[in-house]
Structure formats: structure tokens, C-alpha cells
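**Q** In our numbering, the protein residues as written are 4 to 147. The beta-carbon is built from N, C-alpha and C at its ideal position, and this holds for glycine as well. Dropping a structure here in C-alpha cells format, bear with me for questions.
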Amino acid sequence: MRDTPPGPRVAGGRAVVTGAQGLLGRHVTKALLDAGADAVLGLGRSARHDDRYTHDLAWLGRRVAAPLPAELRRSAADPRYDYRPLDVRDVTAVADAARAFEPDIVVHAAAALRDAPWDELLASNVEATLGVVGGFAAAPRPPR
Numbered sequence: 004m005r006d007t008p009p010g011p012r013v014a015g016g017r018a019v020v021t022g023a024q025g026l027l028g029r030h031v032t033k034a035l036l037d038a039g040a041d042a043v044l045g046l047g048r049s050a051r052h053d054d055r056y057t058h059d060l061a062w063l064g065r066r067v068a069a070p071l072p073a074e075l076r077r078s079a080a081d082p083r084y085d086y087r088p089l090d091v092r093d094v095t096a097v098a099d100a101a102r103a104f105e106p107d108i109v110v111h112a113a114a115a116l117r118d119a120p121w122d123e124l125l126a127s128n129v130e131a132t133l134g135v136v137g138g139f140a141a142a143p144r145p146p147r
């Protein structure tokens, strides 16, 4: 097994997680908080929900909110966590968030669900990546 190469420190650092209300984003946020991050800013296209995922589930013939497990609800309520609805395709908005928050690291976890229409997949999975890279690269102190 190889050692992981040195990277940005999480403990005592500031992190941004895009797609912070999705499955991967929620778990990454929890891991960053558990590792001792001073602050985690979640970015995403939806309004903030601290007790559920943003998608619904089909259950017994009806649509119901996809609930968050207790440990993820605790992470969402952590005072070191904040969430901001933001279109990460917007390079200027991302750059403004980067300047205001000054993150040490960025985890880009925003993505459309696989059953989304093609134009939504393209916007979320390609255009969003370009917005995140462009916005954070334009910051006075780009994160790693």
C-alpha cells in the first residue's frame, strides 16, 4: 500500500463542498467536520434542507422526502457548517464566494442524478465543473 501524498491540511482549515446537499456532498461535509475543519461552506443549487436530501423517493405509490440519517443531520446543524444556494456554473458568483470565504480546499461534488435529461446532465456535470474551476482560480488566494 502506498502512502497518500501530502495535501492540504483539513484540521484547522476552511473547506468548500459543492453539491453539499447530495449523497456524496453530505458525507464529505461530515468527514471534513469530523477531521477538524474550522469551517465548511456548502454550495448548491437548492434551498438549504438540514433534515432531508433534496430529492424525493417513491414509497408505497407516493413521493416522500428522502430523509437524512441522524449523523448527517448533526453535521448540518454543526455551527462550523454553513450553506449557500449558488449556481456554481456562474464563475463570478463562485469567485465572490471564494473571496468572501477564503477556503483552503474545495471538493467539487455537484452533479445531476443519472436519470436527469441530457441538458441538465451537461449543465451540472460539465458546465458546473468549469464554473467551479474558473471561479476558484480567479480568487486572490486560490485553494488547493
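Just verifying my parser: in three-state terms, what is the DSSP assignment at L125?
**A** Helix at L125.
**Q** Do the stretch 96-104 and the stretch 58-76 make contact, defined as three or more Cβ pairs closer than 8 Å?
**A** No, the stretch 96-104 does not touch the stretch 58-76.
**Q** Enumerate, from N- to C-terminal direction, the unbroken beta strand (DSSP E) stretches of 3 or more residues contained entirely within the stretch 4-53.
**A** You should have 17-21, 42-47.
**Q** Suppose you measure from the CA of A113 to the CA of N128; what does that come to, to the nearest Å?
**A** So the two alpha carbons sit approximately 7 Å from each other.
**Q** Measure the alpha-carbon distance for L35 versus A18 and round it to whole angstroms.
**A** Approximately 8 Å, taken between the alpha carbons.
**Q** Hey, out of V91, P88, A73, I108, whose CA is closest to A40's CA?
**A** The option with the nearest alpha carbon to A40 is I108.
**Q** Just checking my contact of G45 with T32 at CB under 8 Å: how many whole Å lie between their CB atoms?
**A** About 6 Å separates the two Cβ atoms, so the contact holds.
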